[in-house]
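Participant:
Protein chains: 4
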Amino acid sequence: MSARVQPAIVGATGYAGFELARLLLRHPHAKTPLLLAREGSGSVATLNDAYPQVSGNGSYPLEPFSWETLAARGVDVLFLATPHEVSRAWAPEAEKRGVRVVDLSGAWRLRRQEHRAVYGFKDADVAAADRLTRKAVYGLPELHRKKLPSATLVANPGCYATSVILGLTPLLREGVVDAEHGIVCDSKSGVSGAGKEPTSKTHFMEVADNLTAYAVFEHRHFGEIVEQLEISSGQIVFTPHLLPIPRGILSTIYVRLKAPTTAAAVHEIFKSFYQSAPFVRVFAPGKLPQIQYSVHTNYCDLGFALAPDGQRLVVVSCLDNLLKGAAGQAVQNMNLMFGLGEQEGLA
Amino acid sequence: MSARVQPAIVGATGYAGFELARLLLRHPHAKTPLLLAREGSGSVATLNDAYPQVSGNGSYPLEPFSWETLAARGVDVLFLATPHEVSRAWAPEAEKRGVRVVDLSGAWRLRRQEHRAVYGFKDADVAAADRLTRKAVYGLPELHRKKLPSATLVANPGCYATSVILGLTPLLREGVVDAEHGIVCDSKSGVSGAGKEPTSKTHFMEVADNLTAYAVFEHRHFGEIVEQLEISSGQIVFTPHLLPIPRGILSTIYVRLKAPTTAAAVHEIFKSFYQSAPFVRVFAPGKLPQIQYSVHTNYCDLGFALAPDGQRLVVVSCLDNLLKGAAGQAVQNMNLMFGLGEQEGLA
Amino acid sequence: MSARVQPAIVGATGYAGFELARLLLRHPHAKTPLLLAREGSGSVATLNDAYPQVSGNGSYPLEPFSWETLAARGVDVLFLATPHEVSRAWAPEAEKRGVRVVDLSGAWRLRRQEHRAVYGFKDADVAAADRLTRKAVYGLPELHRKKLPSATLVANPGCYATSVILGLTPLLREGVVDAEHGIVCDSKSGVSGAGKEPTSKTHFMEVADNLTAYAVFEHRHFGEIVEQLEISSGQIVFTPHLLPIPRGILSTIYVRLKAPTTAAAVHEIFKSFYQSAPFVRVFAPGKLPQIQYSVHTNYCDLGFALAPDGQRLVVVSCLDNLLKGAAGQAVQNMNLMFGLGEQEGLA
Amino acid sequence: MSARVQPAIVGATGYAGFELARLLLRHPHAKTPLLLAREGSGSVATLNDAYPQVSGNGSYPLEPFSWETLAARGVDVLFLATPHEVSRAWAPEAEKRGVRVVDLSGAWRLRRQEHRAVYGFKDADVAAADRLTRKAVYGLPELHRKKLPSATLVANPGCYATSVILGLTPLLREGVVDAEHGIVCDSKSGVSGAGKEPTSKTHFMEVADNLTAYAVFEHRHFGEIVEQLEISSGQIVFTPHLLPIPRGILSTIYVRLKAPTTAAAVHEIFKSFYQSAPFVRVFAPGKLPQIQYSVHTNYCDLGFALAPDGQRLVVVSCLDNLLKGAAGQAVQNMNLMFGLGEQEGLA
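Chains as they are written, first to last, in our numbering: chain A, 1 to 347; chain B, 1001 to 1347; chain C, 2001 to 2347; chain D, 3001 to 3347.
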C-alpha cells in the first residue's frame, strides 16, 4: 500500500469534477491528479480560473487530453466527469488501451436497453456495448465491494440513485418489504445536481424561495434504482424535487412491510447490513437525518419512522450529492480498486 | 352588500395574524379591523412596532382585549389568531355573547377525540365541547361553502391539511382512488408555518441549506386530513418537511387508482370539481405547480403526473401557508359568512 | 380624473416588465395594458406562459408590436421595459408619432456624454439625440414632480440610483454635506436587478451563500447619481454588491457634515424634504430600515445613524428594486403624467 | 516537533467551538481535544448530541470542567470559546496555574478602557486586569507572529476585526493612506457570527430575503480595529450588516491615498506585506474576492479596485468568520505557540 496511485480527471471544471480534484489533491495515497480538458470544452487554462477558492498558492493547470499523455504520465485511473455521450465513446477506447476508468456519468450504469433508451445512445456496435456494460461494475461499494479490486470500468452511481438504493436494499434483501404493494421515493436535491451550465432552471430567481417537482416518471436515475433493487418498474414511484440549496439530497421513502414489526427490529436490519460499511450511518430510532448532517461529508445517513401499526415504514436517506452522490463515492471506489483503505482521503 | 363588516383580530402580531390584518386593512367591504392584544401577550403597542413594513403613514394601535370592547365597537366577526388553548377557552364565551368567530388555531377542527388528544385538551365540560365542535364549520370553502353563511364558529383549516385535502378530495369523491392501497402525502413547508417564536428549530443556521423531515406519524394536521377525506388513519401516511424558504407549501401526493385511466380523464375530474372554486387553479396535464406560483396569492394550485401504466398518480398541490393556508382562507370564509363576493379583498 | 389611461408595455416578460403588468392590471384608473412583443424577442405567446402565477383565470396574450397597433388601440402611454439600445432607437419614433413614453432602460437618463459612453450609444444624429435627452424628464417624482404632467418622455431612474439619490438629496440641498470630503455609497442588491437572462453570474450556485462586489468605479448608474446630485464624479464612490436574495436594495451611504449637528436636526432635514412625498418613509433616529420592510412595496425607506462626534453620518436607504426601483416608480410617474392620484394602484 | 499538543476546549457546542473541535480532531500534531462543559451550561452529554454531523462512528463526550481535570490530563493549551465574562474571570486563574490560554471571546483584546467599557467589565482588581491585558498577545499572526511562541494568553481576534485589519494594515504601514481623510469599513457577515442562541434576530424569517445594518458606531469590534490599526476612533467608520447566509464576511473598505498611484503599486504593497503569510491570498488587480472563495478555508482573501484618479481605493476583504475569523485562527495561533507548522491541520 506504499505505492501511490496516479489519477487523471477529465471534466474537473464541473461541480463534481472539482470536488473530485479537491479530494484527490489532499489524498494521502494519490499523486497530484492530472487535470485534462477535452478539445473544445472551453477556455479555462487552470482550475484556479474556474474556482479561485482552490488554493492561494498552487496553480492547477489543465492540459489537453490525449491518450498519449495518459500513457506518458503513468496514469493508473482515469476519472470521467464528462457528459454521458463522451463517456459512452471513450470507455471502449480506454479498455482497448488498458486504462482503468471510473465514470461519473450515466453511460455505463444500466443493463437493460429500456432504461438506457432515456440517454439516447445509438451505439454503432450494440453487442460490443452490451459486453462492456456487463463488464462494468456499478460502483456502489456497499453492494459491490468485492468486484471493485478487479474492475476495469466502474460506473459511479447517480446521486439520487445512491440515496434511494442505500435506503431500501437492507429491507429488500431481508425480505420484509411488500414490494407488490409499491414503494414511493420522494427525493429532494440541491442545485449543484443540475450542473454548472446556466439555464432558466438554475437561475437564482427560479430556484430561491421555491420548490419544484420535475421529471416525474421520467428521471434518468429511475432505471438504476430499479435494476439495483432488482424490482420491477411498476413497483416503485420516484419523484425528484429541486431544493433552493446548493448541495445535499434527502429522500423520503415509503414502504409497506409484509408483517407488523418493531422499530428495534428495523434498526437491527439496517445496522446489521451496514456493519462493515464505513460511509453509512444508521440513526437510532426516534432520530432522523437532516441534509446538514451529511453535507461536506462522504456519509449516507439513514433513519426511519415506523407507524403505530408497525407495518408502514418511512425511511429518510441523506447524502451530499457531490460527495457520496458523486466525487466522494468515486474516490471510495478508487480506494477499493487499488487496495487502499476505503476511507483514505475521505475522513 | 353595501354594509361593511367590522372585524377584530386577536393575535395580529403573529405571522398569520399580520397577514390577516394586511388583508383586512385593504378589504373593500371591511372596516378597519380592531387589533386586540391578550393580557400578558407582550409589550407591543402598535402593529407598526412589530412590522415596520405595515405602512409609512398610518399607525395601527393594539388595544387590550375585552368582550365589552367588542360589543361597544360593534364587532361582527372575531378572528382568533391565538394558541389553540386560548381559542378552546374563548369560543364558548363568544358563542354565549353571540359573537361570530373565525378561529385560525386547531382548537375546533376535529370531531374525533382520538385526534383532539394531540392538542392535549382537558375540557372541563366535555359534552359542551362536543356540542360546540359539532356546531363548528370546517372552513374549507371548496368543501363546505354552503354551511358558511349561517356559521357562528368557523374552524379555519391547517395549512398542510388544506393542501392535501384539496389535492385528494376530487379523486376520492369521484371514487377512482384505491384507498385500501394507501395514500402517501409528502409535504414540504416554509418556515413561517413554524411561528414567530425563536427556537432552535427556526434559527437561520438550522434551516438554511438544510431540509428536515419531522413529526412523522405524529403531526397535528393528520387528524384533519383523515376526517375531512373520510378515510381511515391507516389509509394515509403524511410526512411534513421544513424547507429553507419563508413561505409556501408543496405537497406531493401518491395514490393508486382502481383502474387505469388517462391524463385527460384525471384533469377533467379536477376541473369539474373545482369549476366554481375561484381559488383553486388546476394545471393542464404536463404542467406542474411550483411554490413560487402560489406564494403571495390565495390560490391553491393543483397539477399531476400519471404513470405510463395509467394507474399510479402523483398529485402536486401548492399554496401559500399564510394565505390560502391561513389568513387568506380566513378572509374567504368571512366573505362567505357575510354574503360578500368570495374574492373580495383577495384578488 | 374619471377617464382611464390606456397603457401599453413592451417587454412584459422581463422581471420589471412583469411587475409593471401586474400593477397596471389592478390599477383602478388604467385600462387593461396592451402587452406587446418585439419582433424576434422570443416565442412566449401569453404572459401566463412566462409567469404561471399571473392568474388562475385570465389569459394575457402578447401581441406583436407595431406603431399602428398603438394608434388603433388608443394607447396613451407606452412603457418600454426593453434593452437600452431598443429604447434609444424607439423614443424618437414615439416622439414623432406623439406617443408619450416611460422608458425603464438607461437610454435617456443621462445628460453628459461622458456618462452616456458607458452605454455605447452611437447615435446617427447626435444633435437630435441631445435635444431629446434635454426634453426627457428624469422620472424621480420626489425631485421632478412638477415636470411630469407635461412630460412626453420620462426616463425612469435606475434602481441603485433611486436609493442613493433619495438618501442624499435632502442633505445636499440643505447644504450640510462636506461634499469635497467625498461620499461613499455602498449598495447591495437582490438578483432580480441582474435580469432574467441565465448567466454564470445569476446561476444559483454562484449567488447562494455568497456576496460579490462588482463593477466598482464602472457601474452604469454612477452617471445618474452624479448628475442628479449635481456633484462631481470625484466626490463620490459607488460600489454595488450582489446579494443572495431575489429582490431589494440596501444602500449604506457615508457622508461627513460641514459642522457637528444632532440626530434631531438630521431627522428634521429628511422629514421636511419628504413631507409631501407619499412614497418615502423617514425612520425615527435609532431605527434603521431593513430590506424586508420595503420589499413588495413602492416605498423608499430612509434612516440614519450619527457618530458621537455629530459630524459623520451613515444613511441607510432601502427599496424594492422592481417597484420603487423600476415598475412601481414607472406607475407613479404615469399617475403624475396623467393627473391621477400619485398613489393610485400602488397602495 | 514530534510531540503532540494536548488541547482542551470549553464551549465546544457553540458554532466557533464546534469548528475548533473539528479542526483539532483531525490535526496531525494535536491529541484528541478534551471537551469541557461549564457547570450549568446545558444538558448536552456529547458533541454528537449537538452536532450529529460530527461523525458516524466516534462519540465525543463532554466532561465537567475543573482545573484539576486540566492538570490530570496534561492539557497544554486551553481554548475558551466562552462568553467574555467567563473568559474575563478564568484567564487570571489559568495564569496562576500556568495553563496557556487561547481565548476566542473579546475579553482580553482591548488595551484602552474606553473600548473595554462596551463589554461592561467591572474588574475587582483593575490593576491586575491591566497587567494581564498588557501580557495578552492579540492573536493575529500576520501582525504578531513573533510574540506567539512565548505567549501565555492569546486574545483571538474578532471576525470583523480580522477582515478589516488585514485589509488595511499594509496600506497604513506603508504610509500611503490619508487617514485624516477618514476610512470607511462597510462589513457584511453571515449569521453564524451572531451565535447559536435563538433570538428574534436569528430567526429564519428575520434573516432570509433580508439585509440589515446594525450597531452602527457601537459595535464591539470597533475598539480592536482602532487599536490594532493604531489610528484614532474619529478616523474610521465601521458598519456591520447581517447577511442571509450561514457563514462568511465581506468587508468593503474605502480609503483615500495621499497621492495618486497605480494598481500595480497597490498590488505590490499587499504582496510584499503578506509574502510570508500563508493564510492571506492577494488577488491580482481586476479580480475581487467573493465570500464563496474563502468559506470553509482559513484564508483571508484581499483584492482591490482603484479609481481612475489613482487616489480613491476600494479594498475587498473576505474570510470565513468561523475559521480565519475564529476557530481556524485559533489553531493557527496554537501552531505558532507550540512551534508547529503554521498550516498544520488547516490545509
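Note that CB positions come from ideal geometry on N, CA and C, so glycine has one too.
DSSP three-state label for D/Gly3098, please.
Facilitator: The residue given as residue 3098 of chain D occupies position 98 in the fourth sequence. If DSSP states are grouped into helix, strand and coil, D/Gly3098 belongs with coil.
Participant: Near C/His2267, what residues of its chain come up, given a Cβ to Cβ distance below 6 angstroms and the 5 sequence neighbours on each side ignored?
Facilitator: The count along the third sequence starts at 1 and reaches residue 2267 of chain C at position 267. Around C/His2267: Pro2285.
Participant: Just the Cα atoms here: how many angstroms apart are A/Ser66 and C/Ser2232?
Facilitator: As a working note, residue 66 of chain A is residue 66 in the first sequence. As a working note, residue 2232 of chain C is residue 232 in the third sequence. Taking the straight line from one Cα to the other gives about 57 angstroms.
Participant: Against D/Asp3209, what residues of chain A qualify as contacts under a CB-to-CB distance less than 9 angstroms, listed in chain order?
Facilitator: For this step, residue 3209 of chain D is matched to residue 209 along the fourth sequence. The answer, in chain order, is Ala208, Asp209.
Participant: For C/Ala2259, decide whether its Cβ has a neighbour in chain D, counting only Cβ atoms nearer than 8 angstroms.
Facilitator: Residue 2259 of chain C sits at position 259 when you count from the first residue of the third sequence. No, because no Cβ of chain D sits closer than 8 angstroms to the Cβ of C/Ala2259.
Participant: From this set, D/Ile3225, D/Phe3018, D/Tyr3015, which residue's C-alpha is nearest D/Leu3168's C-alpha?
Facilitator: Your numbering for residue 3168 of chain D matches position 168 in the fourth sequence. Ranking the options by Cα distance to D/Leu3168, first place goes to D/Ile3225.
Participant: Determine which residues of the segment 3271 to 3291 of chain D have a Cβ less than 9 angstroms from any Cβ of chain C, and write them out in chain order.
Facilitator: Of all residues in the segment 3271 to 3291 of chain D, Leu3288, Pro3289, Gln3290, Ile3291 have a Cβ within less than 9 angstroms of some Cβ in chain C.
Participant: Applying a beta-carbon distance threshold of less than 9 angstroms, which residues of chain A neighbour B/Gly1223?
Facilitator: Within the second sequence, numbered from 1, the residue matching residue 1223 of chain B stands at position 223. What B/Gly1223 touches in chain A: nothing, since even the nearest Cβ is about 14 angstroms away.
Participant: Go ahead and pull the three-state DSSP assignment for B/Leu1302.
Facilitator: Residue 1302 of chain B sits at position 302 when you count from the first residue of the second sequence. Strand.
Participant: Would you tell me roughly how many angstroms separate the C-alpha atoms of D/Ile3165 and C/Leu2250, rounded to the nearest one?
Facilitator: Residue mapping note: residue 3165 of chain D aligns to position 165 of the fourth sequence, counting from 1. Residue mapping note: residue 2250 of chain C aligns to position 250 of the third sequence, counting from 1. If I take the Cα positions, the gap works out to 25 angstroms.
Participant: Tell me where the alpha helix (DSSP H) around B/Leu1172 begins and ends.
Facilitator: Position 172 of the second sequence, counted from the start, is the residue given in the question as residue 1172 of chain B. Note, B/Leu1172: alpha helix (DSSP H), 1159 to 1174.
Participant: Is the CB of C/Ser2043 under 8 angstroms away from at least one CB in chain A?
Facilitator: Residue mapping note: residue 2043 of chain C aligns to position 43 of the third sequence, counting from 1. No, its Cβ sits nowhere closer than 8 angstroms to a Cβ of chain A.
Participant: Indicate whether the contact test is met: 3 or more Cβ pairs, each with one atom in the segment 192 to 209 of chain A and one in the segment 1199 to 1206 of chain B, closer than 8 angstroms.
Facilitator: The segment 192 to 209 of chain A, when compared against the segment 1199 to 1206 of chain B, does not touch it at the 8 angstroms Cβ threshold.
Participant: If we count the other Cβ atoms within 10 Å of its Cβ and call it buried at 16 or more, is B/Ser1087 buried or exposed?
Facilitator: Here residue 1087 of chain B refers to the residue found at position 87 of the second sequence. B/Ser1087 is buried by the Cβ-count criterion.
Participant: With three or more beta-carbon pairs closer than 8 angstroms as the criterion, would you say the segment 1181 to 1194 of chain B touches the segment 180 to 198 of chain A?
Facilitator: Yes, the segment 1181 to 1194 of chain B is in contact with the segment 180 to 198 of chain A.
Participant: Compute the Euclidean distance between the alpha carbons of D/Leu3171 and D/Tyr3138, then round it to the nearest angstrom.
Facilitator: Position 171 of the fourth sequence holds residue 3171 of chain D. Position 138 of the fourth sequence holds residue 3138 of chain D. Their Cα atoms are separated by approximately 20 angstroms.
Participant: Using the Cα positions of A/Gly310 and A/Leu257, report the straight-line distance between them to the nearest angstrom.
Facilitator: In the first sequence, residue 310 of chain A corresponds to position 310, counting from 1. In the first sequence, residue 257 of chain A corresponds to position 257, counting from 1. Straight-line Cα distance between these residues: approximately 8 angstroms.
Participant: Taking the straight line between their C-alpha atoms, what separation do you get for D/Val3207 and C/Ile2291?
Facilitator: Your numbering for residue 3207 of chain D matches position 207 in the fourth sequence. Your numbering for residue 2291 of chain C matches position 291 in the third sequence. Taking the straight line from one Cα to the other gives about 10 angstroms.
Participant: For C/His2181, which three-state DSSP category applies?
Facilitator: For the purposes of this step, residue 2181 of chain C is taken as residue 181 along the third sequence, with counting starting at 1. Correct three-state label for C/His2181: helix.
Participant: Among the residues of its own chain, which have a CB less than 8 angstroms from the CB of D/Gly3345, if the five just before and after it don't count?
Facilitator: Here residue 3345 of chain D corresponds to residue number 345 of the fourth sequence, with the count starting at 1. Excluding residues within five positions, the ones whose Cβ falls inside 8 angstroms are Leu3023, Leu3024, Arg3026, His3027, Pro3028, His3029, Ala3030, Val3331, Asn3335.
Participant: Once you ignore the five residues that flank B/Leu1432 on each side, which residues in its own chain have a CB closer than 8 angstroms to its CB?
Facilitator: The question about residue 1432 of chain B has no answer here: the residues shown for chain B are numbered 1001 through 1347.
Participant: Output the distance between the C-alpha atoms of D/Thr3261 and C/Asn2298, rounded to the nearest integer angstrom.
Facilitator: As a first step, residue 3261 of chain D is located in the fourth sequence; it is residue number 261 there, counting from the start. As a first step, residue 2298 of chain C is located in the third sequence; it is residue number 298 there, counting from the start. If I take the Cα positions, the gap works out to 43 angstroms.
Participant: Does any residue of chain D have a CB that is nearer than 8 angstroms to the CB of A/Phe18?
Facilitator: Locating residue 18 of chain A in the first sequence gives position 18, counting from the first residue. It does not; no Cβ of chain D falls within 8 angstroms.
Participant: Looking at C/Ser2272: is its Cβ nearer than 8 angstroms to the Cβ of C/Cys2300?
Facilitator: Taking the first residue of the third sequence as 1, we reach residue 2272 of chain C at position 272. Taking the first residue of the third sequence as 1, we reach residue 2300 of chain C at position 300. Not a contact, by the Cβ cut-off of 8 angstroms.
Participant: Closer than 8 angstroms, CB to CB, is B/His1296 near chain D or not?
Facilitator: Residue numbering aside, residue 1296 of chain B sits at position 296 when the second sequence is read from its first letter. Chain D, which has no Cβ nearer than 8 angstroms to the Cβ of B/His1296, makes this no.
Participant: Helix or strand or just coil, what does DSSP make of D/His3115?
Facilitator: The residue given as residue 3115 of chain D occupies position 115 in the fourth sequence. Helix.
Participant: Under 8 angstroms between C-beta atoms, does B/Tyr1293 make it to chain C?
Facilitator: For the purposes of this step, residue 1293 of chain B is taken as residue 293 along the second sequence, with counting starting at 1. Yes, contact with chain C.
Participant: DSSP three-state label for C/His2241, please.
Facilitator: By one-based count along the third sequence, residue 2241 of chain C stands at place 241. If DSSP states are grouped into helix, strand and coil, C/His2241 belongs with the strands.
Participant: Can the beta-carbon of C/Ala2050 be found closer than 8 angstroms to that of C/Leu2104?
Facilitator: Numbered from its first residue, the third sequence carries residue 2050 of chain C at position 50. Numbered from its first residue, the third sequence carries residue 2104 of chain C at position 104. For C/Ala2050 and C/Leu2104, no; Cβs fall outside 8 angstroms.
Participant: Which two residues bound the contiguous beta strand (DSSP E) that contains D/Tyr3254?
Facilitator: The sequence position of residue 3254 of chain D within the fourth sequence is 254, counting from 1. Per DSSP, D/Tyr3254 belongs to the beta strand (DSSP E) from 3249 to 3256.
Participant: With a CB to CB cut of under 6 angstroms and the five nearest residues on each side skipped, what residues in its chain are close to A/Glu19?
Facilitator: Taking the first residue of the first sequence as 1, we reach residue 19 of chain A at position 19. Once the five neighbours on either side are set aside, the close Cβ partners of A/Glu19 are Leu322, Ala327.
Participant: Please report the residue range of the beta strand (DSSP E) in which A/Ala208 lies.
Facilitator: Position 208 of the first sequence holds residue 208 of chain A. First-last for A/Ala208: undefined, no H or E at that position.
Participant: Taking only three categories from DSSP, how would you classify C/Ile2231?
Facilitator: Looking up residue 2231 of chain C in the third sequence gives position 231. Coil, per DSSP.
Participant: Name, please, each residue of chain B whose Cβ falls closer than 7 angstroms to the Cβ of A/Leu110.
Facilitator: Here residue 110 of chain A refers to the residue found at position 110 when the first sequence is read from its first residue. What A/Leu110 touches in chain B: nothing, since even the nearest Cβ is about 18 angstroms away.
Participant: Give the secondary structure of A/Ser87 by DSSP, where H, G and I count as helix, E and B as strand, and everything else as coil.
Facilitator: Taking the first residue of the first sequence as position 1, residue 87 of chain A is located at position 87. In the structure shown, A/Ser87 sits in a helix (DSSP, three-state: H, G or I).
Participant: Compute the Euclidean distance between the alpha carbons of B/Asn1210 and A/Val280, then round it to the nearest angstrom.
Facilitator: Your numbering for residue 1210 of chain B matches position 210 in the second sequence. Your numbering for residue 280 of chain A matches position 280 in the first sequence. One C-alpha to the other measures close to 19 angstroms.
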